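Data block below; observations after.
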Amino acid sequence: MDFQEKIKRWLEDCGALLTGHFLLTSGLHSDKYVEKFRLLEQPELVSATCAEVVKRFEGERIDAVLGLAVGGIVLAYEVARQIGCRYMFAETENGQRVLRRGFEINPNEKILLVEDVVTTGGSVKVTLDLALSKGAEIVGVAVLIDRGEKPLQLPVRTEVLLRLPLQTFQPESCPLCLQGIPIERRGSKR
Numbered sequence: 001m002d003f004q005e006k007i008k009r010w011l012e013d014c015g016a017l018l019t020g021h022f023l024l025t026s027g028l029h030s031d032k033y034v035e036k037f038r039l040l041e042q043p044e045l046v047s048a049t050c051a052e053v054v055k056r057f058e059g060e061r062i063d064a065v066l067g068l069a070v071g072g073i074v075l076a077y078e079v080a081r082q083i084g085c086r087y088m089f090a091e092t093e094n095g096q097r098v099l100r101r102g103f104e105i106n107p108n109e110k111i112l113l114v115e116d117v118v119t120t121g122g123s124v125k126v127t128l129d130l131a132l133s134k135g136a137e138i139v140g141v142a143v144l145i146d147r148g149e150k151p152l153q154l155p156v157r158t159e160v161l162l163r164l165p166l167q168t169f170q171p172e173s174c175p176l177c178l179q180g181i182p183i184e185r186r187g188s189k190r
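Those letters in the sequence shown? Residues 1 to 190, by my numbering.
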């Protein structure tokens, strides 16, 4: 069984794949949702998942791992622990992606970005821009799940552990909204 099949089975076994009407962080709507925290609450699964990320970037010099708040925090920490390097995370403040809590990226530092679930990749792109603006050298991006209808496209090496394309809808043309199905905001901040 390849790693994509393993992680999909883990998600199914821990009840992380949900059906309903969901507002995603991207602003899009979907009839499916990945509640990644059902996986992230299982330390042995987090460790195994992060070991796959470490394996994929084996041989690369990585000075620090940068996660995206909130779900990417757990994954980035464990990847950094397994590599034996520094860890930090970026978060949103006043609509901007920032480093807070004393985290700093040093010029020419080799950074691996780690994110949990992407749909459009917007948060990853903004965080890439932040790291590059601080003078980082991006080793790559590791993503737990790419749930976008189209594969994630970034200008740097990108390793996606599971491609799980799920249908999304623009809010103004969402068939679930037209049917009057109540929307859930789960992990979304909107």
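For glycine and all other residues, C-beta sits at the position ideal for the given N, C-alpha and C. Everything numeric in this text was worked out from a predicted model, so none of it was measured.
When the options are compared against residue i, the one with the closest alpha-carbon
| i | options | result |
| --- | --- | --- |
| Arg147 | Leu154, Arg186, Glu137, Val160 | Val160 |
| Gln82 | Lys55, Gly95, Ala69, Gln170 | Lys55 |
| Gln4 | Thr49, Thr158, Asn108 | Thr49 |
| Leu40 | Leu128, His29, Val74, Ile138 | Val74 |
| Asp129 | Gly72, Pro155, Ser26, Ile62 | Pro155 |
| Leu37 | Leu17, Gly95, Ser133, Asn108 | According to the sequence as given, residue 37 is Phe; it is not Leu. Measuring from the Cα of Phe37, the nearest candidate turns out to be Leu17. |
| Glu149 | Ser133, Thr168, Pro107 | Thr168 |
| Ile7 | Asp31, Ile138, Glu52 | Glu52 |
| Tyr33 | Glu58, Val117, Leu152 | Val117 |
| Glu172 | Gly27, Glu58, Asp2, Asp63 | Gly27 |
| Asp2 | Gly122, Lys125, Arg163 | Arg163 |
Start-to-end residues for the beta strand (DSSP E) that takes in residue i
| i | result |
| --- | --- |
| Thr127 | First-last for Thr127: 122-133, but that is the alpha helix (DSSP H), not the beta strand (DSSP E). |
| Arg186 | From DSSP, Arg186 is part of no beta strand (DSSP E); its letter is neither H nor E. |
| Leu162 | 158-163 |
| Thr119 | Premise fails: Thr119 is in no beta strand (DSSP E) and is neither H nor E. |
| Ile138 | 137-146 |
| Phe22 | 17-23 |
Residues near residue i by beta carbon distance below 7 Å, same chain, minus five either side
| i | result |
| --- | --- |
| Ser47 | Glu78 |
| Ala76 | Val65, Leu66, Gly67, Tyr87, Phe89, Val114 |
| Gln42 | Cys14 |
| Asn108 | Gly135, Glu137 |
| Leu166 | Ser30, Lys32, Arg147 |
Residues of its chain near residue i, where Cβ-Cβ distance is below 8 Å and the 5 sequence neighbours each way are ignored
| i | result |
| --- | --- |
| Leu69 | For clarity, residue 69 is Ala in the given sequence; the question names Leu instead. Excluding sequence neighbours, Ala69 sits near Phe89, Ala90, Glu91, Thr92. |
| Arg100 | Glu91, Glu93 |
| Leu45 | Trp10, Cys14, Leu39 |
| Gln153 | Gly121 |
| Cys85 | Ile62, Asp63, Ala64, Val65 |
Cβ shell of residue i (< 6 Å), same chain only, five flanking positions each side left out
| i | result |
| --- | --- |
| Ile183 | His21, Leu23 |
Extent of the continuous alpha helix (DSSP H) run through residue i
| i | result |
| --- | --- |
| Leu11 | 3-13 |
| Leu176 | 175-178 |
Between the region 140-155 and the region 107-120, do three or more beta carbon pairs fall short of 8 Å? Segments in contact, yes.
Whole runs of the alpha helix (DSSP H) within the region 34-95, excluding any shorter than 4 residues: Listed in chain order, the alpha helix (DSSP H) runs fully inside the region 34-95 are 37-40, 43-56, 71-83, counting runs of at least 4 residues.
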